[in-house]
Amino acid sequence: MGTEQQAKRQSGTRRRSLSLATAAFLTLGAGAAFLTVPPSAHADPIEQCTATKGAIVAVDFGPFGGKVERGCDTTPTTGYELLQTGGFTTEGTVHDGPAFICRIGKGTGTQYPTPDKENCVLTPQATAYWSYWTASPGQRKWSYSELGAMARTPKAGDVEAWVYGGTDIAGTKGKPSFSPDDVRGFTTPDPTVPTAPPKVPAGSVDVPAATRWVTGILAEGDRVVDEGSTTPNHFLSTEAVFALTAADRKSPVAKKIADFLATPAQTDAYAYPAGKDGIPEATAAARLALVAEATGKDPRAFGGHDLLGDLVKYACPRDIGDGETIEGCLTKGDFRTTGQADAQAMAVIALVNAGVTPPAGSVARLTVLQCEDGGFTSVLIRPGTEGGCESEAGATGLIALALERAGGHEAVLQKARGYLKRSQLATGAWPAVSYETTGNPAATAWAAQALRALGDEAFADAGVSWLSKRQLPKGGFGFAEDDTEPRLYPTATAAIAGAGSDLVTLTAKPAEPPTPTTPPAGEGPDTKKGVAYLTAPSRLVQGRFYESQPGSGFADYGLTIDGAYALAATGGNNAALRNIVDFMDKGGKDGQKRGIHDWTLIGTKYASGGSIGKTAVLAEAVGRDPRNFGGQDLIAALAKITCHAKTSTRQECAAKGNYAYATSVFKQSLGVMAQVRAGETAAAAEPIAYLKSLQDPSGGWVSLIGEPSTTEVDSTAMAAMTIDLLPDAASQASVDKALAWLAAQQKEDGGFQGASGNSVNSAALAVQGLSLDAPKYGAQIAKARKFLASQQNGDGGFNVAKGGQPGSDLRASTQAVGGSTGISFGLLTRDLSGTTPEPVPSTSGGTSGGNGSPVIVTPGESDGGAGSAGGTGSAGGSGSGSGPLASTGAQVGTLAAAALVLTVGGWGITRAAKRRRRTGSGA
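Sequence positions in the sequence shown follow this note's numbering and run -7 to 915.
Following this line, the structure appears as C-alpha cells:
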C-alpha cells in the first residue's frame, strides 16, 4: 500500500516515502565541531576512507549538547551498515522495529533522544526525528535521501549525515549545518572560521515583487534606458534578464529582452564597439553569452556573432613582460579588454556552461586574484604584484562560483569559504570590503549565492535574512544598506540569492531527464512478473510476512499488508494471499514472537487508528470478519479510540474525530474506510467530518495531522478513495475536486511528484484515485500506467523513483503492482474460495519461531507442519484460486488503450454501482 505518512517517515532503513511537515527544526548549536569516533571493533580508521575508497558517516549530536561525530567504513554495503560499523548504535521503535531508527548513540554512550524525550513506541513526530542525508563524490550540497539507509548502497567517496530535527518534502528544511566537505575532512579546520552562522531571524526575499519592479522600469518592455537618455543601457538590460529568470527560467519578458539584445545592431553596439569584425569587449560578450544561456538561446549564434568563439580567440597568450605588448592584455589567460575580475569570471562560467574548455590560463588567472585572507579582489592584478590585494565579498562570491563550475580548485575554494564566513557581519550581511561595518546588498547576495553553491546553506540563509529586511517597498534593493532608492544591479543579484539560486545554476543548461532504466512494457506494468517478485521466497519469509530488516525475523506487518493488497488487487497468487491472511488471523507469530496485534497495539494506550484500520480493510477485502480478526474486534476498537477532543499527549489526538495516534491523512483514511466498509458509517460520522475538514481549498489533502503540512498526491488519492464510499452529493463533490487536483499534478512523462522525487508510489496511488472517474481521466491514467511500466525492472520489481538509485524496492513494488490495477482500496475484494491452508515450510530446526522462523496456527494443521518452500506458487505462479488477471500480465496492459483501466473481473460492475457520478457529464 502507499505512503502511510507518519508510519513511513523513513529516516531509518526504509525509503523516504513521507511528505514531512514544513516546520521549524531544532537549531543546531554554534559549536558544530567535528569529532571522529575512536575506532571500535568494527570501525575502520577515519583516514582509510578517502575520495575513492569507503564512505564516511556523520551524526550531529548538537541538539543534545554534543558534537558532530564521524565514522568510517571502507566496505559498506548499506547506509545502515555504515552507521553501525562506523561506531554508532541505534534503537528502533516498538511499532516498527529496529529498522526505523529512533535513537542514535556513539559507541557505548547515551543514545538520543533519551526516553524522557521520546519513548520510541510509535513513529516519532515529523518535527523531531533522525533525518538521513547524503552527498556523492564532488557534491557540495546535502540531499535528503530518497531511500532509507537499509536500501541505499553508498558509493566510494560518499558521505552521509544524520541530523535530529525535522524537514519537508523537498528536503529544504533541517539540512545539516555543516557541509559534505566538512565531513570529508579533506582540509584541516581553520579555528578562525566560524562553524555556525550569525543567529538571525529567518527571512526571505520577495522575489516576485523584485521582478515586478524590474519589469516596471523597462522601456518598451524589452530594454533598460537610463533617465534622460534615449539609448539602451545594455549592461543593465542583461541584469534585468538575470533578475527575471531567477523567478522564472521561462520568463517571457526575459526572452523578449534577450531577443532585443540579440538583434545585430544592439549586439554590435554593446559587445563590438570596434566594429563588427573587431575585437569584442569581453565584459559585454561574456554577459550576452550568459543571457543567451539563461534564456535558451545559442551563444554561438547571438546577434550574428559566435560570442564564445570570440572570447577564446582573443584570450591573451602571454604576459606583457614576455615580449611584444598586446592591446588589452595584462597577462596570460586574460580575456582581452576585460580589466575587471567579474568579466573574467563570467566568461569562464559562460564557456564551461556551454561545454567549451576555457583557454589555457584563463581559469588559473582567477586564482591569482586570491588575497592572503582567502578573499578575492575585483581588480585584475598582475601575478606577483606586491600589495594592492584587497578582498571583496562580492568578487569573492562570483569568482568562487566560476572556480566551482570549472572544477579542480578545492584548496582555493576552501580558503574562499573561510574568508566569506569570517567576514559575515553579526546581522547576516557582508560588507563590500572587509574593513567596512555595514552591509552591502550586492556583496551579500554574491556571497550568499556562492556559499549556497558550496554547501554552506545556513550561512547563505543568514545573508538572505538580512536582504529580506533591506528590500524596499517597491520591491527593489539599493546600493547601500541605508539607500531608499531601488537600483537594478543589486536587485538582480539579490533576486537570484533570494530564489535560492546562483548565476551558474541560472545560466547552465537544465539537466536532461534521466533515461528510464527499462523501456515501457506495453500499456502498463507486467503484473504477473510483479506478483512473482512480491511472493519470491527470498522476500516473503516462509510465505507469510516481509521482514523489516533482512534476517531479523521482525515482521513488517504494514508492508506485509501492502503486499497482500497487491495480491488481492491482481488475483495473481491467491494461495500466497491466503497464507498471509491466515498467518495474521490465526495467531501467527514472527521470529520475534510478535503477532499482528503487537503491531496494531490494540488494547494498549498506544492503539493506532491507522494500523487497526489497515488490518481491518485487509480482512474486509478477503471476506474475513473484521470484528473477529486475530482474536480482536477491529471495528469496535476504532470506535473506542475515536477522539472526543484534542489532547495534550503528543501525537495522541489532534482534534475531535481524529483516531488516536492517526497522525496522517493516510491513517485517518484507513480508519474511516474500515468503519464504512463494515457498515458503520453513522459511528464514523465524526472521523469522516474530520477527514473532510483536512481537504485544502485547492482540492488536495494535506499530509500530516497535528503538524504543519502541505497538500500531496498520496494523501489526496487515499482520502478520495475513502470519501468516494459515501453517496451524498457533498462527498462526491469533494471527490470531484480532489481528482481534478490530482490530474493537475501529473508530469509530462506520466509520473507524479512524491517525497522521493518522480515517485512510483505516488503514480500508483494516483492511478487508483483517478480511476474513481476513469471515463473522465482515462488519458491521465494511461500515461501514469506507462510511467509505471517504465520503472519496472527485469526481476519484476519497481524502482522507488525515476532518476533515483536504480534497483527494485519492495515497498514501491507493492504499491505499483496493486495500484496499477486502478482498484480503490475502498472497493478491493478478492474471493479466496478454492484455496486451502498451506503448512509453514520447515527449517533445519523446525518451525519454532526462532532465528526468523514464524510460528503459525491454522485450523487443520499442527504447529510444526512441513511443506514446500513458500507454498504453491509463492514465487509467482498462478495459484489455485487465481482470478481473471492471474493468467497473464499482458491482459492488464491492454486495458488502458480503452481509457477504462481495469474494468475486469466484475470490478467494473461493482465500480459502476458504487460510483454515484454521471459518467457522461464530465462532472
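Yeah, the Cβ is synthetic: ideal placement off N, Cα and C, and Gly gets one too.
Taking the beta carbon of residue i as the centre, do at least 16 other beta carbons fall within 10 Å, making it buried, or is it exposed?
i      : result
Gln76  : buried
Lys268 : exposed
Ser950 : Because the chain spans -7 through 915 in this model, residue 950 falls outside it and cannot be assessed.
Gly623 : exposed
Ser493 : buried
Thr349 : exposed
Gln40  : exposed
Pro244 : exposed
Glu152 : buried
Thr119 : buried
Tyr121 : buried
Glu364 : exposed
Ala659 : It should be noted that the sequence gives Lys, not Ala, for residue 659. Burial call: buried.
His636 : exposed
Trp154 : buried
Thr703 : buried
Pro719 : exposed
Ser690 : exposed
Glu319 : exposed
Thr828 : exposed
Ala652 : buried
Roughly how many angstroms lie between the CA atoms of residue i and residue j, to the nearest whole one?
i      : j      : result
Lys167 : Phe621 : 43 Å
Ser530 : Gln784 : 19 Å
Gly389 : Pro193 : 23 Å
Gly795 : Ser782 : 11 Å
Pro433 : Ala442 : 14 Å
Tyr72  : Pro172 : 18 Å
Gly63  : Ala35  : 7 Å
Leu262 : Pro767 : For clarity, residue 262 is Tyr in the given sequence; the question names Leu instead. If I take the Cα positions, the gap works out to 57 Å.
Met710 : Leu358 : 55 Å
Gly555 : Thr230 : 56 Å
Gly54  : Ser123 : 14 Å
Ala333 : Phe327 : 10 Å
Thr634 : Asp787 : 43 Å
Gly749 : Asp801 : 15 Å
State the beta-bridge partners of residue i as determined by DSSP.
i      : result
Gly89  : Thr85
Arg479 : Phe469
Asn650 : None; Asn650 has no bridge partner.
Gly63  : Val49
Tyr156 : Trp122
Gln784 : Phe790
Asn111 : Paired residue(s): none; Asn111 is not in a bridge.
Lys98  : Phe80
Thr703 : Val694
Asp36  : Cys64
Leaving out five residues before and five after residue i in sequence, what residues of the same chain have Cβ atoms less than 6 Å from its Cβ?
i      : result
Leu74  : Ala47, Val49, Asp65, Pro68, Pro146
Val113 : Val86, Tyr598
Asp186 : In the sequence on display, residue 186 carries Pro and not Asp. So the list reads Lys413, once near-sequence residues are dropped.
Phe234 : Ala484
Thr82  : Ile93, Ile96
Gly353 : Lys324, Gly325
Gly214 : This sequence places Asp at residue 214; Gly is not what is there. So the qualifying residues of the chain are Lys248, Ile249, Phe252.
Ser754 : Val705, Asp706, Phe744, Gly746
Once you ignore the five residues that flank residue i on each side, which residues in its own chain have a CB closer than 7 Å to its CB?
i      : result
Leu662 : Gly602, Gly605, Lys606, Val609
Ala211 : Val217
Gln131 : Pro172
Ala394 : Ala337, Val340, Ile341, Leu358
Asp182 : Gly410
Who are the near neighbours of residue i in its chain, counting only those whose CB is closer than 8 Å to its CB and skipping five residues on each side?
i      : result
Asp108 : none
Confirm the yes/no value for this check: CB of residue i, any heavy atom of the ligand SAH, distance under 7 Å.
i      : result
Ala246 : Annotation note on the ligand SAH: not contained in the displayed structure, which lists no ligands.
> Residue ranges of each alpha helix (DSSP H) run of no fewer than 4 residues wholly in the stretch 369 to 448, ordered along the chain?
Replying inline: With a minimum length of 4 residues, the unbroken runs of alpha helix (DSSP H) contained wholly in the stretch 369 to 448 fall at 385 to 398, 402 to 415, 433 to 445.
>> Extract the residue ranges of the beta strand (DSSP E) inside the stretch 115 to 146, only unbroken runs of 3 or more that lie entirely within it.
In response: 121 to 127
>> Which runs of the alpha helix (DSSP H) at least 4 residues long sit entirely within the stretch 285 to 309? Give them in chain order.
In response: 299 to 305
> What beta strand (DSSP E) runs, 3 residues minimum, are completely inside the stretch 533 to 611?
Replying inline: none
>> In chain order, what are the residue ranges of uninterrupted alpha helix (DSSP H) at least 4 long that sit wholly in the stretch 706 to 750?
In response: As far as the stretch 706 to 750 is concerned, its whole alpha helix (DSSP H) runs of at least 4 residues are 721 to 736.
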